[in-house]
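From first to last, the protein sequence lines are chains A and B. Here the first sequence is numbered in the numbering used here, starting from 23 and rising by one per residue. Here the second sequence is numbered in the numbering used here, starting from -6 and rising by one per residue.
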Amino acid sequence: DAGVTQSPTHLIKTRGQHVTLRCSPISGHKSVSWYQQVLGQGPQFIFQYYEKEERGRGNFPDRFSARQFPNYSSELNVNALLLGDSALYLCASSLVTGGGTDTQYFGPGTRLTVL
Amino acid sequence: SQKIEQNSEALNIQEGKTATLTCNYTNYSPAYLQWYRQDPGRGPVFLLLIRENEKEKRKERLKVTFDTTLKQSLFHITASQPADSATYLCALVPFSGGYNKLIFGAGTRLAVHP
């Protein structure tokens, strides 16, 4: 079975631009979470979506937004890019939400570079 | 303030030895603690989960302990191999009431030398 897929793999943008990152979860998984990983640090939680509804939001500015589609795929949008947004953006899927024991499966990530 | 600390310095060990990685946390009351492996340029891969009422969990050559009094988890890899070389991340799952928010440490890089 295919794992979590993300596109694009790499992306270079300039300050002030907007970016859209995409994620397809494992078949049958209804929950998608987004994380930002800056070089040398651990992933930081941005959003979780379950059944097309936002279930959790991390400490990120409103420039970050996301949505989940009926097929459970998801998009992360970042507006007005800053140099500090340069990071690896990870998508994780899980069967359901809540409980904490639900294993999250991470995709390979999208490497975003803001110049 | 809330913190999760992992040894920021790389851990270098000889093949066949046991690697022990530490995860300390402050001002959290985690429901669960998870360990992940991350290779360069790749997403984290889930290894083990331990609940707050469990002391120890094992899976093949891996062992995790969880001491809520010390606010510490130890991750052991026995009979280590060069293929075990990677960054290992610990992640807390707080009692969040309904969603899977993982709070990660910065990770410890493990290098196993032949």
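C-beta: ideal position from N, C-alpha, C; glycine also. All values derive from a computational prediction rather than experimental measurement.
Query: Same chain only: Cβ atoms within 7 Å of A:HIS51, ignoring 5 sequence neighbours per side; Result: TYR94, SER115, SER116 and LEU117
Query: Inter-residue Cα distance where the pair is B:PHE68 and B:PRO107; Result: 21 Å
Query: Min CB distance B:ALA72 to chain A below 8 Å; Result: no
Query: Any chain B beta carbon closer than 8 Å to A:GLY50; Result: no
Query: Boundaries of the beta strand (DSSP E) in which B:ALA104 is found, first to last residue; Result: 101 to 106
Query: Which residues DSSP lists as bridging A:ARG44, in chain order; Result: A:SER29 and A:GLU97
Query: CB contact below 8 Å: B:ILE96 versus chain A; Result: yes
Query: Interface flag, A:LEU112 vs chain B, CB-CB below 8 Å; Result: yes
Query: Rounded C-alpha distance that separates B:PHE97 from A:ALA109; Result: 15 Å
Query: Short CB-CB distance (under 8 Å) between A:PHE128 and chain B; Result: yes
Query: is_contact[A:PHE67, chain B] using C-beta, thresh 8 Å; Result: yes
Query: A:SER53, enclosing beta strand (DSSP E) - first and last residue; Result: 53 to 59
Query: One or two residues paired with B:ALA12 in a DSSP bridge; Result: B:ILE70
Query: A:LEU105, DSSP secondary structure in three states; Result: helix
Query: First through last residue of the beta strand (DSSP E) which encompasses A:LEU132; Result: A quick correction: the sequence has Thr, not Leu, at residue 132 of chain A. Element bounds for A:THR132: 132 to 136.
Query: DSSP state of B:ASP77 mapped onto helix, strand, coil; Result: helix
Query: Touching by the beta-carbon criterion (3+ pairs, under 8 Å), the region 82 to 96 of chain A and the region 62 to 74 of chain A; Result: yes
Query: contact_flag[the region 41 to 49 of chain A, the region 57 to 68 of chain A] where n(CB pairs < 8 Å) is 3 or more; Result: no
Query: Opening and closing residue of the beta strand (DSSP E) in which B:LYS64 lies; Result: Looking at the DSSP string, B:LYS64 is not in any beta strand (DSSP E), and its letter there is neither H nor E.
Query: Endpoints, the beta strand (DSSP E) within which B:LEU40 is located; Result: 38 to 44
Query: Contact check, B:CYS16 vs B:GLN(-1), beta carbons under 8 Å; Result: yes
Query: Three-state class that DSSP yields for A:ALA114 in the structure shown; Result: strand
Query: DSSP three-state assignment for A:GLY80, whether helix, strand or coil; Result: coil
Query: Whole-angstrom distance between A:GLN126 and B:LEU42, CA atom to CA atom; Result: 11 Å
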